[in-house]
Amino acid sequence: MGDRALFLHRTRREPEYAIIKARFSELASDALVQDGEGVICAAGSDASLPTSLQIPEGLSTVWHWPRESGLFPADVYLRHCLLAVRKAPLVAHQSFLDDTFLVDRTTTLRQYLESGEESVVMACEPPSELAVRFGG
0 MGDRALFLHR TRREPEYAII KARFSELASD ALVQDGEGVI CAAGSDASLP TSLQIPEGLS
60 TVWHWPRESG LFPADVYLRH CLLAVRKAPL VAHQSFLDDT FLVDRTTTLR QYLESGEESV
120 VMACEPPSEL AVRFGG
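To convert, note that position 26 of the sequence shown is 25 in numbering that gives the first Met the number 0; the numbers rise steadily by one, no gaps.
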């Protein structure tokens, strides 16, 4: 599958996200930093959810949880993200752990995992219908 076909496949597979162009600066351990442009999977909004993906009954929102909500990451999806980022260079992996925050906007992903949640998250196998997609 070519780059364009792969991109289109992923955007159709993830309709709840906004796939946008973004400027970036490469993470580097030396003084040479390259800037570029790529794509990023950005959080969507409740208003932009496709009609096929309505807010589940009993929930008031998908995207706009307040800091004090106590919401935690979905174990199966977090496991998927952790498996995927392990394939990235170490500096990107470290950035993911240290620059990603829970809904409280205070707790880093690394702190959350080190609090004892990592073994729980990594033991959470995806349901069979999502095994390939969430396999990492």
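We treat Cβ as the ideally placed atom computed from N, Cα and C, and that holds for glycine.
Bounding residues of the alpha helix (DSSP H) (the contiguous stretch that carries residue i)
{"i": "A87", "result": "Note, A87: premise wrong, no alpha helix (DSSP H); not H, not E."}
Beta-carbon proximity of residue i to residue j, cut-off 8 Å
{"i": "V120", "j": "R66", "result": "no"}
{"i": "T99", "j": "L108", "result": "yes"}
{"i": "L52", "j": "P14", "result": "yes"}
Cβ-Cβ separation, residue j to residue i (assumed contact under 8 Å), whole Å
{"i": "D74", "j": "C123", "result": "4 Å"}
{"i": "F95", "j": "V84", "result": "5 Å"}
First and last residue of the uninterrupted beta strand (DSSP E) at residue i
{"i": "R132", "result": "Counting along the chain, R132 falls outside any beta strand (DSSP E), and DSSP gives it neither H nor E."}
Original post:
Is the region 40 to 47 in contact with the region 85 to 101, if contact means three or more CB pairs nearer than 8 Å?
Top reply: Contact between the region 40 to 47 and the region 85 to 101 is not established, with fewer than three Cβ pairs separated by less than 8 Å.
Original post:
Which runs of the beta strand (DSSP E) fall wholly inside the region 34 to 96 and span at least 3 residues, in chain order?
Top reply: Those beta strand (DSSP E) runs which fall completely within the region 34 to 96 and span 3+ residues are 34 to 41.
Subject >> Segments of 4+ residues assigned as alpha helix (DSSP H) that fall wholly inside the region 97 to 126 >> reply: Entirely contained in the region 97 to 126, the alpha helix (DSSP H) runs reaching 4 residues are, in chain order, 108 to 111 and 117 to 121.
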